[in-house]
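Down below is the structure, laid out as structure tokens.
2 protein chains.
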Amino acid sequence: MHVTGHTRAGASAPPDTGQRRAASIRDVARVAGVSYQTVSRVINDHPSVRPETRDRVHAAIAELGFRRSATAVALASGQVRAVTVLTSNTTLYGYAATLQGVEEEARAAGFSVRVGVLDNDTDSGIDRAVAAAVDGGGGLLVIGYDRIGAAALDRIPLDVPCAVAAENPFGSRPPRRPAVWTDDHIAAREATAHLLGLGHATVHYVAIPSSSPGSRRPTPRAAGWQEALRDAGVPRPKPCGKGWDSRAGYEAGVKLAKDPAVTAVLCGNDDLALGVLRALHEAGRSVPGDVSVIGFDDAPPSAYLTPSLSSVRMDFTGLGRAAFALLRQLVDPGSGETPPPVARPELVLRESSGPPGDRPSGN
Amino acid sequence: MHVTGHTRAGASAPPDTGQRRAASIRDVARVAGVSYQTVSRVINDHPSVRPETRDRVHAAIAELGFRRSATAVALASGQVRAVTVLTSNTTLYGYAATLQGVEEEARAAGFSVRVGVLDNDTDSGIDRAVAAAVDGGGGLLVIGYDRIGAAALDRIPLDVPCAVAAENPFGSRPPRRPAVWTDDHIAAREATAHLLGLGHATVHYVAIPSSSPGSRRPTPRAAGWQEALRDAGVPRPKPCGKGWDSRAGYEAGVKLAKDPAVTAVLCGNDDLALGVLRALHEAGRSVPGDVSVIGFDDAPPSAYLTPSLSSVRMDFTGLGRAAFALLRQLVDPGSGETPPPVARPELVLRESSGPPGDRPSGN
DNA sequence: CCGATCCATGTGACCGTTCACAATCCTGGC
DNA sequence: GCCAGGATTGTGAACGGTCACATGGATCGG
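Each protein sequence line maps, in turn, to chains A and B.
Using the working numbering, you'd call the opening residue of the first sequence number 1 and step up by one each time.
Using the working numbering, you'd call the opening residue of the second sequence number 364 and step up by one each time.
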């Protein structure tokens, strides 16, 4: 017998308290000596209940340990008070932070948050996840930064309320759904312009995958980068990179490192930048001395890398909050809260970027 | 007017298809010319329905675009088929990966996954989150790696089914709930022993916060580290560190870097290790030449750090899967699936660790 | 002192499904 | 040809709330 893995699971179940059915409002009503409707009024803070009656009901509630069944409320009222966040990955910083923002705002509004992971790149996998999410009822929130998210979006029936946190839909067909985004496009342009301003002949780009199927449409980040190059009238190298993670960044970096003309690299996210940094280091090219690197997203650890990574800070949490607010307006327009503000992307300069050829004095 | 933030929200709501109430099984029954109960049988794959009838019902379902209401099912059947994952943070790698594992397993079992973030360290904040989770119905899955998770655990009524993914409860009161864990304790001991075996006089430890309130009980990781030191009969320095993130690691690292006797550092997670690496670098101490650093968790980017980080790989996804399976058994014992295996922690050696004083030849 | 109102409470129906049981049809054995 | 019994199908009553309306009493202006 070979190693099959290793789980320790201590089980010490509670002494099984009989599992009696939970108390309903009718039980409470009986104990309090009122009708079930009065109980309903009390738990809904309806004004016209005599204080004395209210107290009696509250006492009964406490005595029986009554908890209102969210399921029953949903069925009777016809509203589900839940959002399902569809995402392709909870592990990447941007996605996780967006999810956290949604949760914050949702809980404040009394909504529960469900998560559906689009872990399977096949159509049927996406379909299954979407179906599960739709069946759950309530609204959907799609994190559509990537291809899988965008594909899922197309599979959601139009009568299901749904909002999107996505890339800037810049230049493409307008989304069929309410959407929030921040201006990565402009941010990428600014970051690129910054590098050019420092004196770099041009800026290379390690791309995150496009969210459109054939990957023909560039992401807003790629577009912003290109725009800056064009505006400056400098050579426009081909973007590279095929993936989201450090490994993809590393592979792209290996190629870039071989070209001595490369002195500045913008990356589609910080994980990619990390891989690029690594590849440059292995090739013996110093950062920022030989090559400047700027990332995107400003994940918390980036500030502590060596060299610390210049990056474009994105307010994913705010984006998540705004996305929820948008969906909320869709679901009940009465709750006219204005979406919370999303911070504009901000270029955070650290050690990994600087003027070209700026080698430390000791060299 | 100053910058208040920046949101672009394009709203292009669908042409509002009348929002007619969704079809129910009674509607389907009418169209198919059968009773609602027959429809119920069809959607539940009950054997005794004539094939012809079944086809007719299926046709009606397709025609009306019928979708079974999960809410109504939950109410009528009394079972909620949902898990709520309570976690303090979705952004840290270990938590996010655990969540993802839960989701995988849950979706396979037809459960939906809810997320509750314990974002507020106050008792009332925790209480609110727990109450929201409990009210939602279904089981609870607490990610109890930290103090907040552990505190939440104590506030869940005993009649709510609940399982835990937590630290090895090693040496403390057994958990009141079914729990899964991996042997970080042993893994920490092995990592420490490895460093000692390399010739280091002792190993310092940058701790993750304890999950017990007064932080008096060491985490399994800390305990394993101490044990290895004791077994080897070497000096046992005080653990340092007060936090989970790179910043905390950096602060601890600054202190450690001042002490020339420090040649080996074990860190409670990779983020901490990243901060330590940074601090050592700033202090001019090379890694692994002057100091060896080993992290914990083996987050994906760690392999691409410079120097690449030795770390203890943890199977968080597997842990999440197993935790769900455990909860499932609690909720309906009939579904006797054995929990999926969890991979044992594994020490992954990379550049950041080595024998003491092993400076590159060029120096 | 009476009807109009408002306040406090109760009653019945319903949300969309499942469960328990009854009813009907059909088949086969004797 | 009759009856047991399985296969099919239907009916009524939950599940735990909300909603719309009805009821009874108190308040109040004229």
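Positions of the beta carbon are idealized from the N, C-alpha and C atoms, including for glycine.
Keep in mind that this is a model prediction, so the values were computed, not measured.
Contact list for residue i against chain A, beta-carbon separation under 8 Å
{"i": "R430 (chain B)", "result": "V134 and D135"}
{"i": "E467 (chain B)", "result": "V117 and D119"}
{"i": "T401 (chain B)", "result": "Ordered by position in chain A, no residue passes the 8 Å Cβ test against T401 (chain B), which lies about 21 Å from the chain."}
{"i": "V476 (chain B)", "result": "R114, V115 and G116"}
Coarse secondary structure for residue i, derived from DSSP in three states
{"i": "S724 (chain B)", "result": "Any reading at S724 (chain B) must be qualified, since the residue scores a pLDDT of 47, below 50, and its modelled position is unreliable; no value is offered."}
{"i": "G197 (chain A)", "result": "helix"}
{"i": "V85 (chain A)", "result": "strand"}
{"i": "S69 (chain A)", "result": "coil"}
{"i": "H46 (chain A)", "result": "coil"}
{"i": "L347 (chain A)", "result": "strand"}
{"i": "V394 (chain B)", "result": "helix"}
{"i": "V206 (chain A)", "result": "strand"}
{"i": "T7 (chain A)", "result": "Legend: pLDDT at T7 (chain A) = 43, less than 50; position of this residue unreliable, value from coordinates given subsequently. Coil."}
Within chain A, the residues that residue i reaches when beta carbons sit closer than 7 Å
{"i": "V617 (chain B)", "result": "Those do not exist, as V617 (chain B) stays about 12 Å from chain A at its closest Cβ, beyond 7 Å."}
{"i": "T434 (chain B)", "result": "T71, A74, L75, V80 and G137"}
{"i": "I608 (chain B)", "result": "First, the amino acid is wrong: residue 608 (chain B) is Asp here, not Ile. Going along chain A in sequence order, the residues near D608 (chain B) (Cβ under 7 Å) are P300."}
{"i": "H354 (chain B)", "result": "The displayed coordinates of chain B run from 364 to 726. Any statement about residue 354 (chain B) would go beyond what the structure contains."}
Spatial distance of residue i from residue j (CA atoms)
{"i": "L712 (chain B)", "j": "V276 (chain A)", "result": "21 Å"}
{"i": "S674 (chain B)", "j": "N632 (chain B)", "result": "8 Å"}
{"i": "R389 (chain B)", "j": "P410 (chain B)", "result": "20 Å"}
{"i": "E105 (chain A)", "j": "S24 (chain A)", "result": "30 Å"}
{"i": "P377 (chain B)", "j": "D146 (chain A)", "result": "Because P377 (chain B) carries a pLDDT of 41, less than 50, the predicted location of this residue cannot be relied on, and the following value inherits that uncertainty. Taking the straight line joining both Cα atoms gives about 23 Å."}
{"i": "V102 (chain A)", "j": "R491 (chain B)", "result": "17 Å"}
{"i": "V73 (chain A)", "j": "G138 (chain A)", "result": "13 Å"}
{"i": "V130 (chain A)", "j": "G33 (chain A)", "result": "47 Å"}
{"i": "R393 (chain B)", "j": "L75 (chain A)", "result": "22 Å"}
{"i": "G354 (chain A)", "j": "M677 (chain B)", "result": "37 Å"}
{"i": "V49 (chain A)", "j": "L449 (chain B)", "result": "36 Å"}
{"i": "V566 (chain B)", "j": "V293 (chain A)", "result": "35 Å"}
{"i": "D297 (chain A)", "j": "G65 (chain A)", "result": "46 Å"}
{"i": "S665 (chain B)", "j": "A624 (chain B)", "result": "26 Å"}
{"i": "S649 (chain B)", "j": "P708 (chain B)", "result": "27 Å"}
{"i": "V443 (chain B)", "j": "A550 (chain B)", "result": "38 Å"}
{"i": "S211 (chain A)", "j": "E282 (chain A)", "result": "31 Å"}
{"i": "G136 (chain A)", "j": "G612 (chain B)", "result": "42 Å"}
{"i": "D408 (chain B)", "j": "K238 (chain A)", "result": "55 Å"}
{"i": "V113 (chain A)", "j": "S124 (chain A)", "result": "24 Å"}
Under 7 Å from the C-beta of residue i: neighbouring residues of chain B
{"i": "Y394 (chain A)", "result": "This structure cannot settle anything about residue 394 (chain A), because the visible part of chain A is limited to 1 through 363."}
{"i": "Q100 (chain A)", "result": "T453, T454 and V480"}
Closer than 8 Å at the beta carbon, the chain B residues around residue i
{"i": "L274 (chain A)", "result": "P664, Y667 and L668"}
{"i": "N48 (chain A)", "result": "Looking at the sequence shown, residue 48 (chain A) is not Asn but Ser. Near S48 (chain A) there are no residues of chain B at all, since even the closest Cβ is about 25 Å away, more than 8 Å."}
Neighbour list for residue i in chain A, Cβ cutoff strictly below 9 Å
{"i": "D634 (chain B)", "result": "P300, P301 and Y304"}
{"i": "L640 (chain B)", "result": "Y304, L305 and T306"}
Chain-ordered neighbours of residue i on chain B, where CB pairs are closer than 9 Å
{"i": "R107 (chain A)", "result": "G479, V480, D482, R491, A492 and A495"}
Can you list the beta strand (DSSP E) stretches of 3 or more residues lying completely in the region 496–549 of chain B, in chain order? Annotation note: the region 496–549 of chain B contains the following uninterrupted beta strand (DSSP E) runs of length 3 or greater, listed N- to C-terminal: 502–507, 525–529 and 542–544.
Quick one, which residues of the region 649–677 of chain B are near chain A if we go by CB-CB under 8 Å, in chain order? Within the region 649–677 of chain B, the residues whose Cβ lies closer than 8 Å to any Cβ of chain A are, in chain order, P663, P664, A666, Y667, L668, T669 and S671.
Tell me which residues of the region 80–98 of chain A have at least one Cβ-Cβ distance to chain B shorter than 9 Å, keeping chain order. V80, A82, T84, V85, N89, T90, T91, L92, Y93, Y95, A96 and A97
Ranges of the beta strand (DSSP E) found wholly within the region 97–124 of chain A, counting only runs of at least 3: 112–117
Mind pulling the alpha helix (DSSP H) runs of 4 or more residues that sit fully within the region 615–682 of chain B? 633–645
Using a Cβ cut-off of 9 Å, which residues of the region 691–718 of chain B contact any Cβ in chain A, in chain order? Look at the region 691–718 of chain B: the residues with a C-beta under 9 Å from a C-beta of chain A are Q692, L693, P702, P703, P704, V705, A706, R707 and P708.
Could you please tell me which residues of the region 540–555 of chain B, in chain order, have their CB closer than 9 Å to any CB of chain A? R540, P541, A542, V543, W544, T545 and D546
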